[in-house]
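Engineer: The structure follows.
Numbering (the working numbering), first residue to last: -9 to 359.
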């Protein structure tokens, strides 16, 4: 029987444990996601603005927003993003050059708007900033553009739209994927650790030692088996989450980006687990790793406490954690920023590093026997 078939046989023998871990993962992530509620506060909104245009459209938009809100000007989006994540500002508005021309002469978006989905004030700003160009263009095309009347229409629209607290599916989904980040690590480290210990019993190792296969190939097959188990867990959990709790997300523009990040993160955890299993040789060590590491990384990487409010030393250490980049990616997606290329490349790099290190440690352990 080859390595993959034997590993899957062990997984089937532990199907009760596997099912229990899946139930725990679904329960915790769903509870975390469903706990996100939106409460509208009528206080002023703090808006960061990057203004590169001096047209009537740009100036009237700024005038409208600053009537009851505070405006802070920045030289670039990068400078404003930190204040958005620390909630010094509630949203970012970038007005590009020739924004009015883009609005009136094309179907392209004349503004770039960044919001924080976990902040109700931020979502209100995003809604208003997105509606302003639509009403402006509609009045212009009907040759009835009156800025004062436009302001009045938007004020009435805002009163109707935000008279009740709103609950948003994407807001809850952000809570779900935020919890998934550290819970899947805790579950897979324990699950794959227990399966690895079962596979590494002495009688199995004796067969492995006399096998004609190279140790590297056996380790690669072990990793592939772990990927299959983890893929099964991911598919089940994600399907239950999407179809059972967040069906509205099936229409969301950000869904494919979330799927990409969740898949990469699961892969990182699989190879990290393989790396950890090469270090730990007992159930006690495996239990300690699966319990302590995820909790430690959760606090170091911004899953529980925003990383920006932590000491500089902790912020520096956090950049060595893959969970930090996972959190960065989902936070960007929650604010409508789809530029997550850096986070994707870094997560891939972590996957490769853990995979190669795990293979090397496995080979060294075989050589030492």
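Glycine included, C-beta positions come from ideal geometry on N, C-alpha and C.
Here the structure is a predicted model, which means the values were calculated and not measured.
1) Tell me the DSSP secondary structure of residue 252 in three-state form.
2) Following the continuous alpha helix (DSSP H) through residue 91, name the residue where it begins and the one where it ends.
3) Below 9 angstroms between beta carbons: does that hold for residue 224 and residue 344?
4) Nearest to residue 104 by CA position, among 82, 93, 114 and 309, is which residue?
5) Near residue 93, what residues of its chain come up, given a Cβ to Cβ distance below 8 angstroms and the 5 sequence neighbours on each side ignored?
6) CB-CB under 6 angstroms to residue 139, same chain, minus the five flanking residues each way: which ones, in chain order?
7) Kindly list the residues whose CB is nearer than 7 angstroms to the CB of residue 319, restricted to its own chain and excluding five residues on each side of it in sequence; keep chain order.
8) Compare the beta carbon distance of residue 59 and residue 85 with 9 angstroms and say whether it is the shorter of the two.
9) With DSSP collapsed to three states, give me the class of residue 309.
10) What is the DSSP secondary structure of residue 61, counted as helix, strand or coil?
11) Per DSSP, what kind of secondary structure is residue 104 in: helix, strand or coil?
12) What distance in whole Å lies between the Cβ atoms of residue 178 and residue 268, which are believed to be in contact at a cut-off of 8 angstroms?
13) Give the DSSP-derived three-state secondary structure of residue 83 in the structure shown.
14) Would DSSP call residue 331 helix, strand or coil?
15) Which residue's Cα is closest to the Cα of residue 117: 55, 310 and 89?
Structural biologist: The answer reads as follows:
1) Residue numbering aside, residue 252 sits at position 262 when the chain shown is read from its first letter. Here residue 252 sits in helix by DSSP.
2) Counting from one through the chain shown, the residue named residue 91 turns up at place 101. Element bounds for residue 91: 89 to 95.
3) Translated into positions along the chain shown, residue 224 becomes position 234. Translated into positions along the chain shown, residue 344 becomes position 354. Cβ atoms of residue 224 and residue 344: not closer than 9 angstroms.
4) Here residue 104 refers to the residue found at position 114 of the chain shown. Comparing Cα-Cα distances from residue 104 to each of 82, 93, 114 and 309, the minimum goes to 82.
5) Position 103 of the chain shown, counted from the first residue, corresponds to residue 93. Take residue 93, set aside five residues on each side of it, and the residues of its chain with a beta-carbon closer than 8 angstroms to its own are 47, 100, 123, 126 and 127, in chain order.
6) Within the chain shown, residue 139 is the residue found at index 149, counting from 1. Here residue 139 has no same chain residue with a Cβ atom under 6 angstroms from its own Cβ, once five neighbours each way along the sequence are excluded.
7) Working through the chain shown from its first residue, we reach residue 319 at position 329. Same-chain partners within the cutoff: 251, 330 and 333.
8) Along the chain shown, read from residue 1 onward, the residue named residue 59 stands at position 69. Along the chain shown, read from residue 1 onward, the residue named residue 85 stands at position 95. No, the pair does not count as a contact, with Cβ atoms beyond the cut-off.
9) Counting from one through the chain shown, the residue named residue 309 turns up at place 319. In the structure shown, residue 309 sits in coil (DSSP, three-state: anything other than H, G, I, E or B).
10) The residue you call residue 61 lines up with position 71 of the chain shown. In the structure shown, residue 61 sits in a strand (DSSP, three-state: E or B).
11) In the chain shown, counting from the first residue as 1, residue 104 sits at position 114. Residue 104 falls in the strand class under three-state DSSP.
12) To locate residue 268, count along the chain shown from 1; it is residue 278. To locate residue 178, count along the chain shown from 1; it is residue 188. Rounded, the Cβ-Cβ distance is 15 angstroms, inconsistent with contact.
13) Mapped onto the chain shown, residue 83 falls at position 93. It is a strand residue.
14) As a first step, residue 331 must be located in the chain shown, where it is residue number 341. DSSP places residue 331 in helix when its eight states are reduced to three.
15) Residue mapping note: residue 117 aligns to position 127 of the chain shown, counting from 1. Put simply, of 55, 310 and 89 the residue whose alpha carbon is nearest the alpha carbon of residue 117 is 55.
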